[in-house]
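Q: Mind having a look at this structure? Questions to follow.
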Amino acid sequence: MSAVLLAAALLVIVDAANAVGSVPDGWWRDRRGAADRPVLVVTADRELRRRVTAVGAEVAGPRSVPR
């Protein structure tokens with residue numbers, strides 16, 4: 026990779042709507058909780074949240090995009 030690419034700020038957006046909506050587990054009764062769960066699952070694996078923040082990145086979410 027080029028030094029320019031490595032120096033650029035990266036942003037990863039995960040749209041979990043299809044994964045959350047694919048399981049009829051009552052997610053619609055707790056939409057905020059349903060949005061929080063994928064973030065917790067992804068960042069809990071192997072201390073990812075700590076490793077991400079250790080390199081100066083941020084784990085932010087869940088967020089919604091206004092219509």
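With the working numbering, the residue at position 34 of the sequence shown is 59, and numbering never jumps. We put the CB at the ideal spot given by N, CA and C, even for glycine. No experiment lies behind these values; they were computed from the predicted model shown.
CB V39 to CB P63, shorter than 8 Å?
A: In this structure, P63 lies closer than 8 Å to V39 by Cβ.
Q: Quick check: what's the CA-CA separation for R76 versus A60?
A: Going from the Cα of R76 to the Cα of A60 covers about 22 Å.
Q: Using the three-state DSSP reduction, which class does D61 fall into: helix, strand or coil?
A: Of the three classes helix, strand and coil, the one that applies to D61 here is helix, per DSSP.
Q: Return the chain-ordered list of same chain residues with a C-beta closer than 6 Å to the C-beta of G58, the five sequence neighbours on each side being excluded.
A: The answer is none, since no qualifying residue turns up.
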